[in-house]
Structures are given as C-alpha cells and as structure tokens.
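Notes to accompany the following structure.
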Amino acid sequence: MYDFVRGPLVWVAFLVFICGTIYQVYRFYRLSRPKEQFRLRIPFGKPPKEPDEAPAEPELTWWEQVRLNVVGSNPIMISVTTVFHVALVITPFFILGHNVLLDLAWHASLPSLPEAVGDGLTIIVIAGGVFFLLRRIFLTRVRAISTPYDYLVLLIATAPFVTGFLAYHHLLDYDTVIVLHMLAGEIMLMAVPFTKLVHMPYFFINRFVLVHENTLGAGGSRIWR
Amino acid sequence: MSANEQAPINLDEIRQVLDQHKDKMKTALRVCAHCSLCADSCFLYHVNDKDPRYMPSHKFINSLGRLYKKKGKVDRAGFEEIKEIVWRRCVLCTRCYCPLGIDIPEMIALARDICRTQEVYFQWSELEQPAK
Numbered sequence: 007m008y009d010f011v012r013g014p015l016v017w018v019a020f021l022v023f024i025c026g027t028i029y030q031v032y033r034f035y036r037l038s039r040p041k042e043q044f045r046l047r048i049p050f051g052k053p054p055k056e057p058d059e060a061p062a063e064p065e066l067t068w069w070e071q072v073r074l075n076v077v078g079s080n081p082i083m084i085s086v087t088t089v090f091h092v093a094l095v096i097t098p099f100f101i102l103g104h105n106v107l108l109d110l111a112w113h114a115s116l117p118s119l120p121e122a123v124g125d126g127l128t129i130i131v132i133a134g135g136v137f138f139l140l141r142r143i144f145l146t147r148v149r150a151i152s153t154p155y156d157y158l159v160l161l162i163a164t165a166p167f168v169t170g171f172l173a174y175h176h177l178l179d180y181d182t183v184i185v186l187h188m189l190a191g192e193i194m195l196m197a198v199p200f201t202k203l204v205h206m207p208y209f210f211i212n213r214f215v216l217v218h219e220n221t222l223g224a225g226g227s228r229i230w231r
Numbered sequence: 034m035s036a037n038e039q040a041p042i043n044l045d046e047i048r049q050v051l052d053q054h055k056d057k058m059k060t061a062l063r064v065c066a067h068c069s070l071c072a073d074s075c076f077l078y079h080v081n082d083k084d085p086r087y088m089p090s091h092k093f094i095n096s097l098g099r100l101y102k103k104k105g106k107v108d109r110a111g112f113e114e115i116k117e118i119v120w121r122r123c124v125l126c127t128r129c130y131c132p133l134g135i136d137i138p139e140m141i142a143l144a145r146d147i148c149r150t151q152e153v154y155f156q157w158s159e160l161e162q163p164a165k
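Structure, rendered in structure tokens:
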C-alpha cells in the first residue's frame, strides 16, 4: 500500500490534476468569447463632436475603495480566506519534509521554510478550515445553500494538512498516518478539476480575464455571452 | 396563473434547452463554491431583510440547478416554485457579483427560457400580488 501510494499514485494524481485543470481552463475559453469594442454610431454627414470636458469626479480614498468592495462588506471572511489560501498554497511547496523527498528523488528542491514556520502555516490552514466549517453551520445564508458535498470538499481540502500535522508530530500510528497523508494529498489534487475546488483557476480567470467592474490588471479580454 | 396549468410537462422541450447550454450550466454549478459572497451584491437580498432565498446563488441553484440536476423532470408544482424564484425574486438587473466569475444572470435567464417552453410565466394581473 505504501509503495503504491508513494509511487504510481503520485504520478496519476499529478497527471489528473494538471490535465484536468488545463481542460477546465480550455473549457472556459470555449464557453466565452473575446470582448467586443464599443462602436459609436456617428450621424450621417456630421463629424463627431469633441466631448465636453467631464466634470471632475471626487476621487475615492483607498479606505473608501476598500469599504465599498467585498473586503468592506465581508472583512472577516475575506481576511481569513486570503490567509488560508496563501498558507494552503505555500505550505506544500516550501515545507521541509516535501523538499527532503524531492532532494532524495531528483537531487533538487525548493527552498524550505523553518520547521516551526511550516508547522504554523499548517495550523493556520487547519484553523481556516474550522472557521469555514463553523461559518457553514452557523451563518444562515451559507447554511441555506450548503449540502453534504460542501462538507466533503472541505474535508478533502483540509485532510492533507491535518494528516500532515499528525505525521510530522508522530501522533497516532505514524505508518498509517503517513499513508493517509499521501492519499489525502492525492485525492485533493485529483479533486481540483472535478469539484468546486476548480475555483483555483477560476479565481484568476474571474479577476484577470473576465471583463467586469472588478477586473484587475489590463482590464480583461473575454466575456461569457 | 401560467397559461396551461394542467398540460403535461414536455420533457423534450426542456431537454433541448438544457442540452444546448449544458456545458455552461455544468461549469457554473460546478464552480459555485457556495460561499454566499454574492449575497451582498443583490439589492433584493438587502431590501428583503437579508432573506437567504434572495441570494443570487440560492436563486440559480434552486431554479436552473434544480432543472439541470433532475434532467428537466420537474412537475408543474416544481415549475411554480421555479417561476416564483426567477421572476419574483430576480429582476435580471445583472448587479450580482460572483468572486469566481459565474454569470448568474445568464443562469436565471436560461431558467426563464425553460419555464417559457412549458408556458410557465406570470400574467400581468398576478404581478400585482405580493411575493410569497
């Protein structure tokens, strides 16, 4: 079991994750289209008028901009989810245990975080998971659209970190926990393209590719309809 | 009342619309993280005492999502419930915001399309009655 989970299943999980995510991004491009330029109709025979100088609009301070967007309306949720996701992404890449394995396998690895920092980030992810669980149970509007599927996906997302924490600290039976940790990570990778964890690429698609009032960067290039 | 209350549901007509937009519906329903961050972007949610039934995600999950998951097999009573959602609880103002990029108004519009195929829509006289 250990050899299978540590060997072929890792490759299968990454293959499914990478190919599945690429397919979901391709699917977005297939379902959307490039934005159209706004075309002005010019009256026949008359040259367009120079626009009058628009009255100066009051500029919003940075605090007013923050207060009016989703950060202002849901400050706790946005703060927690930001910290949670940053920790969730950073930890697998820069944790010492993973880099030791990479070094043993390929004689190359990424820089590693101090173990205490890695531990702290893991606890942040677990705490974030608990926050999301409590939010889903106790907040009426979230509970109204919650199904058992939501709780399952939350479990899938946090299980690698819980089992990783248990394995690192040698809590419970290490041999069992480490197999569960690897399995949990592989299940999470394979689940990304096929569950609501697909919000991983879609978050960036929404922020940088789709055209709407909250688009960042160059202003977006595609629309749904 | 809808034009033809007693007529049986025509599954073929419903499935025609579902099949035509299957990919978009599947993507939207899959990407939805059930986070409820869209709630604050709907003015109807705010003016109705923050009733969760007015959340954009709740509206599209319980209208189009229901039609999609049941493959169109919704009876007349179900269509009456969906009618209430897509015409009474949403005005397609397109103000709703989804942090994951789902086009919620399009999903509501598709649900309305499906309702129309079954002659399910409000008459003018009904709209004067208060929402349920």
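Heads up: the sequence lines are chains A and B, in that order.
For what it's worth, this note's numbering labels the leading residue of the first sequence as 7, then goes sequentially.
For what it's worth, this note's numbering labels the leading residue of the second sequence as 34, then goes sequentially.
For glycine and all other residues, C-beta sits at the position ideal for the given N, C-alpha and C.
Here the structure is a predicted model, which means the values were calculated and not measured.
Practice task
Check whether the Cβ atoms of A/Y32 and B/L133 sit closer than 8 Å, and answer yes or no.
Solution key: Here the question's residue 32 of chain A lines up with position 26 in the first sequence. Here the question's residue 133 of chain B lines up with position 100 in the second sequence. No, they are not a contact pair.
Practice task
At 8 Å on the CB atoms, spell out the chain A contacts of B/C126, in chain order.
Solution key: Within the second sequence, the letter at position 93 stands for residue 126 of chain B. Here the premise fails: no neighbours, minimum Cβ distance about 14 Å.
Problem - the segment 153-161 of chain A contacting the segment 172-183 of chain A, beta-carbon criterion three pairs below 8 Å - result: With a cut-off of 8 Å, the segment 172-183 of chain A and the segment 153-161 of chain A do not count as touching, because too few Cβ pairs lie within range.
Exercise for the section: List in chain order: all unbroken beta strand (DSSP E) runs of 3+ residues lying wholly within the segment 88-171 of chain A. Expected result: none
Problem - Cα-Cα separation, A/N220 to A/G78 - result: Position 214 of the first sequence, counted from the first residue, corresponds to residue 220 of chain A. Position 72 of the first sequence, counted from the first residue, corresponds to residue 78 of chain A. Answer to the nearest angstrom: the Cα atoms are 14 Å apart.
Practice task
Check whether the Cβ atoms of A/T97 and A/G135 lie closer than 8 Å to each other.
Solution key: The count along the first sequence starts at 1 and reaches residue 97 of chain A at position 91. The count along the first sequence starts at 1 and reaches residue 135 of chain A at position 129. No, the pair does not count as a contact, with Cβ atoms beyond the cut-off.
Handout entry: C-beta neighbour in chain A for B/H67, strict 8 Å
Key = Walking along the second sequence from the start, residue 67 of chain B turns up at place 34. Chain A, which has a Cβ nearer than 8 Å to the Cβ of B/H67, makes this yes.
Exercise for the section: Find out if the Cβ-Cβ distance for the pair B/A144, B/I115 is shorter than 8 Å. Expected result: Taking the first residue of the second sequence as position 1, residue 144 of chain B is located at position 111. Taking the first residue of the second sequence as position 1, residue 115 of chain B is located at position 82. In terms of Cβ geometry, B/A144 and B/I115 form a close pair [threshold 8 Å].
Handout entry: Meets three-Cβ-pair contact criterion under 8 Å: the segment 199-219 of chain A and the segment 20-29 of chain A
Key = yes
Exercise for the section: May I have the straight-line CA-CA distance separating B/I47 from A/S118, to the nearest angstrom? Expected result: Reading the second sequence from its first residue, position 14 is the one you call residue 47 of chain B. Reading the first sequence from its first residue, position 112 is the one you call residue 118 of chain A. Distance between the alpha carbons of B/I47 and A/S118 is about 55 Å.
Problem - Cβ pair A/L127, A/A93 closer than 8 Å - result: Against the first sequence, residue 127 of chain A aligns to sequence position 121. Against the first sequence, residue 93 of chain A aligns to sequence position 87. Yes, they are a contact pair.
Handout entry: A/Y35 burial status per 10 Å Cβ neighbour count (16 or more: buried)
Key = Within the first sequence, numbered from 1, the residue matching residue 35 of chain A stands at position 29. Exposed, by the Cβ-count rule.
Problem - Assigned secondary structure, A/L37 (DSSP; H/G/I helix, E/B strand, else coil) - result: Mapped onto the first sequence, residue 37 of chain A falls at position 31. A/L37 falls in the helix class under three-state DSSP.
Exercise for the section: Would you please verify whether the beta carbon of B/M34 is less than 8 Å from any beta carbon of chain A? Expected result: Residue numbering aside, residue 34 of chain B sits at position 1 when the second sequence is read from its first letter. In this prediction, B/M34 has a pLDDT of 46, which is less than 50 and means its spatial position is unreliable; what the coordinates show is noted afterwards. Contact of B/M34 with chain A is not assigned, every C-beta pair being separated by 8 Å or more.
Problem - Between the CA atoms of A/L110 and A/Y8 - distance to the nearest angstrom - result: If you number the first sequence from 1, residue 8 of chain A lands on position 2. If you number the first sequence from 1, residue 110 of chain A lands on position 104. If you take the alpha carbons of A/Y8 and A/L110, they lie about 17 Å apart.
Problem - A/H91 at chain B interface by Cβ criterion, 8 Å - result: Counted from its first residue, the first sequence places residue 91 of chain A at position 85. No, its Cβ sits nowhere closer than 8 Å to a Cβ of chain B.
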